[in-house]
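Single-structure report; data block below.
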Amino acid sequence: MNLSDIFSYSGLIVGGAVIAIAAFRTNTAKVWKEEAEAQKARAERLQSDLQEIKQRLTHIERDNARLISLLTALDPTRLADIRLMTNPTEDN
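In case it helps, numbering that gives the first Met the number 0 puts the sequence shown at residues 0 to 91.
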């Protein structure tokens, strides 16, 4: 084996290593990109869920206020009872 053969084989080995490293980096970048896209989709779903929860809570609070208003119109003493049940530690 002469010197030119050694350089030729060395070039092949180095070239192969460069290709292998580039392929690894490309695959790693692809995996991270896919993970980032999955996390973004999850964040968007969670944001949508949170918005829905806020809307439902707003409706519940509105309905609760209306029910309390109706209840007090029918029997104002019941409101005091309700307040005592929901806040038993308060002094009235």
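All C-beta atoms, glycine included, are put in the ideal place defined by N, C-alpha and C.
DSSP, reduced to helix, strand and coil, places residue 63 within a helical segment of the structure shown. Unbroken beta strand (DSSP E) stretches of 3 residues or longer found wholly inside the region 13-88: none. In this structure, the beta-carbon distance from residue 85 to residue 78 does not fall below 8 Å. Cα atoms of residue 66 and residue 82: separation of roughly 14 Å, rounded to the nearest angstrom. Between the alpha carbons of residue 25 and residue 58 lies a distance of about 50 Å.
Taking the Cα positions, residue 21 is about 16 Å away from residue 10.
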